[in-house]
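Reminder that position 142 of the sequence shown reads as 142 in the numbering used here, one-by-one numbering, no gaps.
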Amino acid sequence: MSRWMSALLLLFASAVLCGAPAQAWGPDGHSIVAAIAEARLDPEVLQKVQQLLAGEAKPTDHLDQISSWADDFRISHGETGPWHFVDIPLNAQSYDANRDCANDNCIVAQIVHFSGVLGDQSALPRDRLQALKFLVHFVGDIHQPLHCETDLSRFPPPEGDRGGNKVTFTFLKKHTNLHSVWDGQVIDDELGIIREPHDFTAHLDETRPEAATLNSEITDQQAATWAPNGLSTNLLDAVTKWANDSHALAKTAYRELPKAPRPHGWDETYETEFWPVMQDQFKRAGVRLAEILNETLH
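What follows is the structure, encoded as structure tokens:
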């Protein structure tokens with residue numbers, strides 16, 4: 001069995017056991033979020049980030065190069081799978097910690113946790129580096145709408161439809177599922193990225209220009225609204241709101257999905273409608289990640 005096939009089987013097994021989607025945004029979406037955040041870091045904070053990244057097995061200077069590390073890590077650490085999402089029932093109004101995050105085993109609690117580890121000056125550098133890598137990834141994850149829901153109305157509990165993974169159809173001539181459409185298929189189509197089989201890498205030549213364009217569109221008023229000063233002091237409340245906002249978008253993502261049999265050209269229409277939504281989520285995630293890092297590492 002090939003290394004890639006073994007990895008895929010492990011990833012699938014972890015997802016099934018945890019009731020989790022395979023990943024969120026995919027490597028290209030995560031790299032866009034990370035690049036936007038890096039462009040908004042204070043100079044002294046960027047230096048501290050680079051010092052932490054120097055402790056990598058393969059040192060790097062850029063956040064977008066480690067933005068999908070957490071997806072790789074979960075292959076051999078299945079217990080981290082639930083940290084990537086929060087299963088708010090699709091028909092529920094909002095997040096409920098007792099129902100949706102028992103024992104802090106969800107993305108809402110883990111963003112708060114790893115922000116604390118990163119800001120702990122007494123923590124070991126390797127622990128702070130790992131916290132940085134989780135944080136970069138999870139702030140991206142929570143802005144992927146299908147990471148903040150599961151449909152328990154049409155699919156049996158406890159896992160429901162696993163964030164749209166069980167909602168299958170043909171999209172742009174490929175057999176796929178709703179989660180994968182949001183993960184990467186729309187992103188790659190819009191950016192002109194063509195993936196070979198078993199290609200799970202970020203295409204930085206395409207994602208970095210997209211990130212720069214999106215970052216240039218963010219107004220000061222938007223940034224201040226999305227990530228006000230003092231964000232880290234009220235982080236749990238803020239992250240809860242992000243999860244609820246993504247959950248509301250997930251409802252729209254399902255509502256706008258035509259019922260089978262789906263009319264010709266529905267997929268192009270769906271992509272046209274939701275690509276701007278995805279871009280807006282990238283912007284929000286990048287601004288918020290930057291503010292967390294700026295406040296935590298000041």
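C-beta: ideal position from N, C-alpha, C; glycine also.
The C-beta separation of Ser76 from His137 comes to about 16 Å, leaving the pair out of contact by the 8 Å criterion. The residue among Thr201, Arg262 and Thr233 with its C-alpha nearest the C-alpha of Gly26 is Thr201. The alpha-carbon of Asn215 is positioned some 33 Å away from that of Ala92. The residue from Ile187, Leu132, Gln144 and Arg288 with its alpha-carbon nearest to that of Gly55 is Leu132.
Scanning Val181, Val33, Asp64 and Asp267 for the CA closest to the CA of His143 turns up Val33. Counting only residues of its own chain and dropping the five nearest sequence neighbours on each side, Arg284 has a CB closer than 7 Å to the CB of His143 and Trp226.
The C-beta distance from Ser153 to Leu90 rounds to 7 Å, short enough to fall under 8 Å. Setting aside the 5 residues that flank it on each side, Gln185 is surrounded in the same chain by Phe171, Leu172, Lys174 and Thr176, each with a C-beta closer than 8 Å to its C-beta; the list follows chain order. Arg126 and Gln51 have their C-alpha atoms some 11 Å from each other. Rounded to the nearest whole angstrom, the C-alpha separation of His113 and Asp183 is 25 Å.
Around Gly163, the same chain offers Pro21, Phe85, Leu146, His147, Glu149, Thr150 and His179 as residues with beta carbons nearer than 7 Å, after the five sequence neighbours per side are excluded.
Of the residues assessed, Pro82 falls on the buried side of the cut-off, its CB having 16 or more other CB atoms within 10 angstroms. The stretch 107-121 makes no contact with the stretch 261-278: fewer than 3 CB pairs, one atom from each, lie closer than 8 Å.
DSSP, read as helix, strand or coil, puts Pro27 in helix.
For Leu297, same chain residues with a beta-carbon under 6 Å away, outside a window of 5 residues either side, are Val45 and Lys48 in chain order. Within the model, the alpha-carbon separation for Pro156 versus Asp188 is close to 32 Å. Secondary structure at Pro43: helix, using DSSP grouped into helix, strand and coil.
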